[in-house]
């Protein structure tokens with residue numbers, strides 16, 4: 006008689022693959038590797054006749070009989086992320102309609118690879134063997150190449166580790182086996198200054214750039230050799246020459262050194278808190294004590310001391326043995342805040358953002374994973390860092406649209422909104438701080454989704470800056486056109502300079518001339534790849550597209566009619582800088598925009614010079630409107646306040662109010678009063694009037710009414726179906742067919758279909774970008790669950806349309822870029 010046997014269960018793994026697919030897939034672990042694979046491991050799997058990367062997100066038991074493919078290789082011994090992060094990744098993928106594996110991809114600091122080194126037991130084995138076999142050949146290669154990437158799969162390497170012959174590592178990023186993160190650098194020898202180095206130069210020097218090279222090394226005190234090679238063609242020669250002279254020396258340093266704060270440590274002491282700060286801090290501390298999820302909107306006017314409240318809340322949290330994330334909208338501001346808070350909190354602070362090198366990101370990530378960090382400061386990507394004892398997330402300047410990642414750079418998401426979700430999933434506290442809250446967040450506070458904390462006064466009872474409007478409709482220059490700088494602003498600049506104070510001039514447009522127009526046919530010189538005009542840049546003497554990067558020499562003839570009567574119109578920050586140098590010769594003037602800050606460290610140098618009062622006037626785009634504190638700035642000039650009002654976007658008024666209020670908040674933060682001059686062609690516009698009166702409530706009341714009437718967020722949920730293709734005819738056919746099918750689908754939903762409003766398809770405001778033709782369909786719905794269901798169905802409809810492979814569909818949930 007046959008015995009009844011229970012089928013043996015075996016372990017299989019649920020994998021999220023790095024491919025544009027919504028599903029996850031099951032694979033089995035190779036025999037012998039089961040114990041090495043954990044949730045969070047990165048693996049290679051066979052997928053559609055190729056091998057791709059994937060992530061283990063679940064281990065399950067399956068009955069035998071189901072045929073599963075086997076994992077090809079294990080790329081990361083040990084997990085790259087905690088199981089606690091998986092619900093957050095799954096929410097991101099589901100809400101923002103993006104493949105789970107690609108969401109995880111975007112969250113990690115970069116590629117890890119496996120390396121190994123011999124143990125003493127392994128070394129003895131290699132030295133004692135007189136014959137070769139496969140294992141000995143592997144061991145010999147590892148002994149000769151410690152720290153290098155292993156060229157074999159883990160199935161071959163794992164038995165060597167099990168026998169105690171090797172130690173496998175996963176954080177190797179360089180050829181240095183002792184410390185893979187150390188960077189070979191050059192520094193002056195101890196006790197030698199710049200003048201001493203110059204005296205050793207001699208009368209004849211074959212290198213023309215030698216003085217500049219030495220100045221760079223002595224100013225920075227330590228420079229990576231790789232950076233000197235990039236900056237100086239003869240860098241290796243100069244390094245060796247001055248090393249032989251006994252002036253310079255090589256050394257290894259960690260990739261991230263504590264930055265010099267642009268602010269003095271005394272200024273960011275701890276300060277005595279005013280009653281509003283004390284109340285806000287007490288509320289946050291009380292929630293931290295409960296160790297449960299809580300959400301706050303900290304609405305404090307510019308200069309009200311929000312950073313001090315952040316610092317004290319973080320200090321309180323660290324005393325409890327927990328960790329915090331402080332997010333800033335701009336990488337530059339994140340570095341500024343790190344310089345301020347490192348002085349308060351010590352070395353257990355990590356800076357993390359996408360502009361760090363791969364090695365720097367891995368270095369910081371490894372510190373966090375090792376438990377060496379209490380506070381992470383960074384931009385959007387800081388939201389994903391591995392902090393097992395996370396207790397607090399602070400989103401500074403929560404209104405800023407820089408928290409929104411565009412779809413072409415990875416999964417489209419809003420880091421502010423995602424921060425609230427991560428805090429909820431990990432029972433942490435989230436604080437959204439702003440002097441000009443977003444309409445969305447303020448409405449959430451009105452509806453009690455967030456607790457509202459108000460700080461309506463500046464610290465030390467400093468007054469808000471005085472605000473003046475200059476009506477540019479009434480001012481003409483000799484040519485009958487409105488000047489770039491009005492007489493009132495020019496006089497204020499002169500007076501401010503004479504008083505020994507500093508000025509910030511804000512113009513949210515870079516370049517020299519904004520447009521070249523043909524006076525014969527009226528056409529502008531346009532980018533051949535995008536539906537935009539080209540901007541002239543004086544420094545490079547080039548016409549450039551600010552969207553695709555196309556550049557060309559200045560044209561002497563019109564591309565449309567061949568005429569030779571091209572005339573430049575408009576101005577940007579580059580032209581502003583030139584005009585100021587003419588008006589105020591000898592005055593220290595600097596410019597801060599994307600063009601002037603391309604080099605690593607350039608933006609920091611500009612801010613340091615301004616904070617150190619080495620420059621008197623700072624001209625810039627929205628980069629200078631952030632939360633910087635310059636006590637000697639007493640004048641702010643807004644050169645063209647109307648620029649952002651004309652954008653085809655329902656948030657244009659909100660963004661304009663925020664920009665004006667934020668840049669105005671840079672004035673009068675020290676002991677001296679502040680003054681703001683706003684040049685505008687729309688002085689009666691409600692946005693301009695509310696900004697001049699420092700009246701957020703006035704702005705919110707008007708904006709809320711408009712949004713309610715038009716059913717825009719926060720009074721509905723919004724999604725934008727963005728489609729693009731290289732062939733206008735083929736793509737246009739697919740787009741029209743998609744719109745038709747979706748409208749038919751809504752008509753087939755007799756009850757629920759009426760709750761969804763579908764607008765379009767229409768050409769995008771920027772109808773061509775980087776050679777792709779673009780269309781949009783806008784979806785409004787008050788029910789978030791119904792909208793999500795509709796978007797899932799819309800994706801299915803799109804995939805079934807003939808010719809859809811020629812068109813790319815991006816589902817943008819809660820869209821911020823409507824161009």
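In this note's numbering, the protein residues as written are 6 to 824. For each residue, glycine too, the CB sits at the ideal point set by N, CA and C. Quick caveat: nothing in here was measured; it's all calculated off a predicted structure.
For residue 724, the enclosing beta strand (DSSP E) covers residues 722-730. In the three-state DSSP reduction, residue 72 falls in the coil class, being neither helix nor strand. Spatial neighbours of residue 802 in its own chain (CB-CB distance under 6 Å, excluding positions within 5 residues in sequence) are listed in chain order as 746.
Around the beta carbon of residue 509, 16 or more other beta carbons sit within 10 angstroms, so the residue counts as buried. In this chain, residue 39 is not harboured by any alpha helix (DSSP H), its DSSP state being neither H nor E. For residue 780, there is no enclosing alpha helix (DSSP H); the residue is part of the beta strand (DSSP E) that begins and ends at 777-786. Between the alpha carbons of residue 718 and residue 708 lies a distance of about 11 Å. A distance below 8 Å separates the beta carbons of residue 230 and residue 191. Between the C-alpha atoms of residue 373 and residue 430 there is a straight-line separation of about 20 Å. Residue environment for residue 410: buried (at least 16 other C-beta atoms within 10 angstroms of its C-beta). At least 8 Å separates the beta-carbon of residue 782 from that of residue 796. For a cut-off of 8 Å, the C-beta gap from residue 470 to residue 672 is around 4 Å, short enough to register as a contact.
Taking every protein chain shown into account, the CB of residue 127 has 16 or more other CB atoms within 10 angstroms, so this residue is buried. Bounds of the beta strand (DSSP E) holding residue 770 are 761-774.
Here residue 711 is exposed, its C-beta having fewer than 16 other C-beta atoms within 10 Å.
By a beta-carbon distance limit of 8 Å, residue 663 contacts residue 404. Their separation comes to about 5 Å. As DSSP reads the structure, residue 17 sits in a beta bridge with 33 and 65.
Contact fails between the stretch 335-346 and the stretch 288-301, because fewer than three Cβ pairs, one in each stretch, are under 8 Å apart. For residue 421, the closest alpha carbon among the candidates 536, 402, 432 and 590 is that of 402. In this structure, DSSP gives residue 324 a helical state, which the three-state scheme calls helix. Straight across, the Cα-Cα distance linking residue 459 with residue 424 is about 21 Å. Rounded to the nearest whole angstrom, the CA to CA distance from residue 528 to residue 563 is 8 Å. Residue 776 sits exposed, since fewer than 16 C-beta atoms from the chains shown fall within 10 Å of its C-beta. Around the beta carbon of residue 61, a 10 Å sphere encloses 16 or more other beta carbons of the protein chains shown; the residue is thus reported as buried. For a cut-off of 8 Å, the C-beta gap from residue 85 to residue 59 is around 12 Å, too long to register as a contact. Counting C-beta pairs closer than 8 Å gives fewer than three between the stretch 477-495 and the stretch 615-632, which falls short of the contact rule.
In the DSSP assignment, residue 255 is bridged to 191.
Straight through space, the alpha carbons of residue 218 and residue 246 are spaced by roughly 12 Å.
DSSP, reduced to helix, strand and coil, places residue 654 outside both helices and strands of the structure shown, so it counts as coil. Counting only residues of its own chain and dropping the five nearest sequence neighbours on each side, residue 198 has a CB closer than 8 Å to the CB of 223. Within the same chain, and ignoring the five residues on either side of residue 321 in sequence, the residues whose Cβ sits closer than 6 Å to its Cβ are 290. Fewer than three Cβ pairs drawn from the stretch 359-370 and the stretch 299-307 lie within less than 8 Å of each other, which leaves the two stretches out of contact.
Of the candidates 309, 331, 307 and 633, the residue whose Cα lies closest to the Cα of residue 318 is 331. In the DSSP annotation of this structure, residue 101 is not part of any alpha helix (DSSP H), being labelled neither H nor E. In the three-state DSSP reduction, residue 368 falls in the helix class (H, G or I).
Apart from the 5 residues on each side of it in sequence, residue 629 sits with its Cβ closer than 8 Å to the Cβ of 509, 511, 597, 623, 668 and 671 in its chain, given in chain order.
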